[in-house]
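In the numbering used here, the protein residues as written are 1437 to 1698.
Glycine residues also receive a C-beta, built at the ideal position from the N, C-alpha and C atoms.
Structure below.
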């Protein structure tokens, strides 16, 4: 569990807690993104937050575009918590309630623990958020090596955003870090598939450091294992095959888990 002096806990609205490594610049954590001045009953198409990401959600909260970052309304906005552009915030508030059980932890032979849907999910629906400790890239490389040695796999998720060939932003999350509530985040149990039913999308709320969110890219029936591609959207020249057999059993399975060259 992270020692309180080696990381900081920054609480966002609705008690959404993130943990940050002490080497993450404080300005990246605390600098507030601009908010909108929309009416309290909800934002319209001309909302400045929605316009940053092209109106990412439908009125019932489903993601329209998986290719671009999302900018939700935030604590500087005048709209209410029921605004259609606050999908991730409502999700994170809801999952803190024990009654909000939308997935189950199961075991699969040869794989270990998995995360399965406990209800049906529709295309574009937010399923889970990859929480943990936000760490610098150099620290991510160190922890990946340590976790591979200890567990035979790792829980480091690195999400990079590009504009053409230029790297715009990068967030590294260690899903094996205990959260402020003393528990490990469940999204770390989402396994790889060569034909995944989840897609990773960065969602900004208050700061430039986004939440790494997993949205359903197709209908997911209750009981289905939740999966994402470990090398989703990574350039081909940065991906190689590991020596770990892939057990996704999809028709397009590549045989081995992908390894992203950090």
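1) So, is residue 1557 buried or exposed, given that buried needs 16 or more other C-beta atoms within 10 angstroms?
2) Going by DSSP, what residues sit across from residue 1628 in a beta bridge?
3) Considering just the uninterrupted stretch of the alpha helix (DSSP H) at residue 1577, what are its terminal residues?
4) What span of residues does the alpha helix (DSSP H) with residue 1523 cover, start to end?
5) Do residue 1519 and residue 1478 have their beta-carbon atoms positioned less than 8 Å apart in this structure?
6) For residue 1645, report the span of its beta strand (DSSP E) as first-last.
7) Between residue 1689 and residue 1630, is the Cβ-Cβ spacing less than 8 Å?
8) Considering only the alpha carbon of each residue, which of 1482, 1515 and 1483 lies closest to residue 1476?
9) For residue 1675 versus residue 1694, is the C-beta distance shorter than 8 Å?
10) I'd like to confirm the pairing. Which residues does DSSP put opposite residue 1565 in its beta bridges?
11) With a Cβ-Cβ cutoff of 8 Å, do residue 1508 and residue 1474 count as a contact?
12) Residue 1494: which of 1609, 1635, 1560 and 1670 sits nearest, CA to CA?
13) Exposed or buried, residue 1658, counting other C-beta atoms within 10 Å across all chains shown (16 or more means buried)?
14) How long is the line joining the alpha carbons of residue 1587 and residue 1503, rounded to whole angstroms?
15) With DSSP collapsed to three states, give me the class of residue 1486.
16) Below 8 Å between beta carbons: does that hold for residue 1662 and residue 1683?
17) In three-state terms, what does DSSP make of residue 1480?
18) What are the partner residues of residue 1570, as DSSP defines its beta bridges?
19) When the distance is taken between beta carbons, is residue 1551 closer than 8 Å to residue 1622?
20) Is DSSP giving residue 1635 helix, strand or coil here?
21) Measuring only the C-alpha atoms, how far is residue 1600 from residue 1521?
22) Given residue 1459, which residues of its chain have a CB within under 6 Å of its CB, disregarding the five upstream and five downstream residues?
Reading it off the structure:
1) buried
2) 1664
3) 1573–1587
4) 1523–1530
5) yes
6) Careful: residue 1645 lies outside any beta strand (DSSP E) and carries neither H nor E.
7) yes
8) 1515
9) yes
10) 1649
11) No, these two residues do not count as a Cβ contact at 8 Å.
12) Selected option, being the one with the closest Cα: 1560.
13) With fewer than 16 neighbouring CB atoms inside 10 Å of its own CB, residue 1658 falls in the exposed class.
14) 32 Å
15) helix
16) no
17) coil
18) 1456 and 1609.
19) yes
20) strand
21) 27 Å
22) 1572
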